[in-house]
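Q: Counting in my numbering, the sequence shown runs from 182 upward without gaps.
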Amino acid sequence: MKRLPTMAGFLRRTANVTQSRSLCRATNPDASWDIHTTKLEFVNGVPDIPCYRVMDEHGVILEKEPEMDKDTTIRVHDCMVKTHVMDKIFYEAQRQGRISFYMTSTGEEATVIGSAAALEDSDLVFSQYREQGVLMYRGWSIRQFADQCASNEFDIGKGRQMPVHYGSREHSFVTVSSPLATQIPHAAGAAYAFKVLKGSRVVVTYFGEGAASEGDFHAGVNFASVLGGPGIFFCRNNKFAISTHHTDQFGGDGIAPRGLAFGMNTIRVDGNDVFAVYEATKAARQLTLETQKPVMIEAMSYRVGHHSTSDDSSRYRPSDEVKSWMDRCPIKRLQAYMLERDWVTETEIAQLEKQVQKDCVKSLVEAEKSEPPHHSELFNDVYDVIPPHLLEQQEALAKHMDANPGVYAKVI
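#1: Between which two residues does the beta strand (DSSP E) containing M481 stretch?
#2: Distance check for F398 and S203, CA to CA, integer angstroms please.
#3: Counting C-beta neighbours from all protein chains within 10 Å, is the total for E471 16 or more, i.e. buried, or is it exposed?
#4: For C232, which beta-bridge partners are listed by DSSP?
#5: Give me the Cβ distance between N418 and A331, rounded to the nearest whole Å; I'm assuming they're in contact under 8 Å.
#6: Check this for me: beta carbons of T264 and Q329, under 8 Å apart or not?
#7: Take L316 as the anchor and find which of L221, T356 and K580 has the nearest alpha-carbon.
#8: Of all the options Q538, P553 and L572, which has the alpha carbon lying nearest to the alpha carbon of E273?
#9: May I ask you to report which of helix, strand or coil DSSP gives L204?
#10: Helix, strand or coil: which one does DSSP assign to A362?
#11: Can you tell me the Cα-Cα spacing of Q309 and V503, whole angstroms?
#12: Less than 8 Å separating the beta-carbons of R311 and E289?
#13: Going by DSSP, name the residue or residues bridged to F415.
#14: Can you name the residues that DSSP bridges to S349?
#15: So, helix, strand or coil for T469, using DSSP?
#16: Along the chain, where does the alpha helix (DSSP H) containing L316 start, and where does it finish?
#17: Would you call the region 509 to 526 and the region 244 to 261 touching, i.e. three or more CB-CB distances under 8 Å?
#18: Using the Cα positions of A161 and G433, report the straight-line distance between them to the nearest angstrom.
#19: Would you mind working out which of A371, V266 and G389 sits nearest R382, comparing C-alpha positions?
#20: Among the candidates G295, D229 and V224, whose CA atom is the shortest distance from the CA of T253?
#21: Identify, in the order they occur along the chain, each residue of the same chain with its Cβ nearer than 6 Å to the Cβ of K339, setting aside the five sequence neighbours on each side.
#22: When DSSP builds the beta bridges, which residues end up paired with H426?
#23: Just checking, does the region 483 to 491 make contact with the region 457 to 469 on the three C-beta pairs under 8 Å criterion?
#24: Please classify P360 as buried or exposed, where buried requires at least 16 other C-beta atoms within 10 Å of its C-beta.
#25: Looking at E549: is its Cβ nearer than 8 Å to the Cβ of R319?
#26: Can you look up L305 in the DSSP assignment and give me helix, strand or coil?
#27: Give the secondary structure of I255 by DSSP, where H, G and I count as helix, E and B as strand, and everything else as coil.
#28: Please report the straight-line C-alpha distance between L468 and D454, rounded to a whole angstrom.
#29: How long is the line joining the alpha carbons of A590 and S281, rounded to whole angstroms?
#30: Once you ignore the five residues that flank Q430 on each side, which residues in its own chain have a CB closer than 8 Å to its CB?
#31: Is the CB-CB distance between G444 and S500 below 8 Å?
#32: Can you tell me the Cβ-Cβ gap for F354 and V306, rounded? I've got them flagged as a contact below 8 Å.
#33: Per the DSSP calculation, I294 is bridged to which residue(s)?
#34: With distances taken Cα to Cα, identify the nearest neighbour of R498 among G486, D508 and R509.
#35: What residue from E334, D583 and H346 has the CA that sits closest to E552's CA?
#36: In the DSSP assignment, what are the bridge partners of I270?
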């Protein structure tokens with residue numbers, strides 16, 4: 182029986198093709214000045230880059246069985262369901278005025294959690310703001326998400342960040358930063374540091390196709406390409422940069438061709454196929470460690486939810502379009518595969534959703550009732566030793582708080 186090629190083998194062959202096309206650059210950066218032709222011809226476009234997928238939209242395997250084993254598949258499924266339910270309840274909580282802001286990853290659960298499953302827990306993640314599923318997969322509890330969104334005394338960030346701006350050193354998850362694409366140059370630098378340290382960790386940075394229009398994307402990716410290092414640049418192409426459709430963002434064919442232009446091994450994957458995302462990310466991780474060069478992944482998906490609680494997407498896209506993508510839900514797609522193999526039942530799925538709903542409500546109530554961080558925390562974690570002028574301000578604030586008891590009490 183003929184052995185089907187592995188995803189890692191596919192990426193290696195892609196790397197060979199890419200390297201052969203840029204052989205002059207790799208062996209002699211000055212050689213391009215000496216390659217001539219008498220044919221006057223402008224080059225336009227790049228070869229079509231197909232989406233790698235393992236199963237179709239109905240959960241039917243196309244060619245070979247997925248590389249993800251049963252236990253991992255069940256864990257990934259449960260995490261996708263938990264993230265989806267949490268997003269729904271936390272979004273509604275914001276609408277009730279219980280938290281100030283929220284962003285969901287609805288429709289992109291396979292992209293985020295499928296890639297998380299392919300990484301090692303020690304791999305350093307630079308998130309954009311829809312990657313809560315990575316933290317969920319690495320063990321963050323719903324209560325920890327609730328504490329962060331409530332900015333209470335149990336929030337690791339001590340209430341200094343907007344909701345959904347998660348971060349956890351324990352889970353190798355760098356704190357989210359609101360400005361788009363600022364994480365990309367940081368990731369390039371971290372990957373270079375890992376190269377110098379000669380370890381086995383990989384840097385992964387997530388960003389949307391909208392963020393790829395920022396200058397930081399081009400600068401960061403170029404640094405990574407030139408300096409090298411074990412890094413995966415993971416683009417979630419969900420078609421919208423807030424209200425701007427991808428056709429109004431750029432004229433090229435998505436983000437994958439940019440990876441090629443920067444000399445990166447690149448692959449495009451069906452972002453709603455959790456098996457495809459897992460295999461592509463796992464192969465990319467192996468490839469970037471072996472070559473010490475960055476890899477670009479473009480996951481093609483769709484942002485089913487609004488951009489954030491500050492957005493109303495009905496103003497710029499038709500409801501029929503959203504419904505059509507809801508019907509292509511990555512969770513239902515995985516469930517169809519699992520139901521066919523008796524790995525899960527409809528009853529178990531319903532029970533899981535109900536339990537997660539209870540956990541979310543309980544966590545939100547507890548997070549709301551918790552006290553805010555002490556006011557003295559305003560002055561901590563910036564300087565190793567607090568300078569005199571801040572000590573003076575800290576003392577003045579303490580006196581003010583003591584003189585006004587109850588004025589700043591939390592109202593629930």
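Glycine residues also receive a C-beta, built at the ideal position from the N, C-alpha and C atoms.
Please read all numbers here as calculations on a predicted model, not as lab measurements.
A: The answer reads as follows:
#1: V476 to M481
#2: Only weak support exists for where S203 lies, its pLDDT of 35 falling under 50; the value from the coordinates is given anyway. Rounded to whole angstroms, S203 to F398 spans 22 Å at the Cα level.
#3: exposed
#4: R449
#5: The pair is not a contact, with the Cβ atoms about 32 Å apart (cut-off 8 Å).
#6: no
#7: T356
#8: Q538
#9: Because L204 carries a pLDDT of 28, less than 50, the predicted location of this residue cannot be relied on, and no value is offered for it.
#10: coil
#11: 23 Å
#12: yes
#13: Y387 and I478
#14: F354
#15: helix
#16: Q313 to Y318
#17: yes
#18: The first residue shown for the chain is 182 and the last is 593, placing residue 161 beyond what the model contains.
#19: A371
#20: G295
#21: P554 and E558
#22: F421
#23: no
#24: exposed
#25: no
#26: strand
#27: helix
#28: 21 Å
#29: 18 Å
#30: E390, G391, S394 and A422
#31: no
#32: 5 Å
#33: DSSP output for I294 lists no bridge partner at all.
#34: G486
#35: E334
#36: BP columns for I270 are empty, so no partner.
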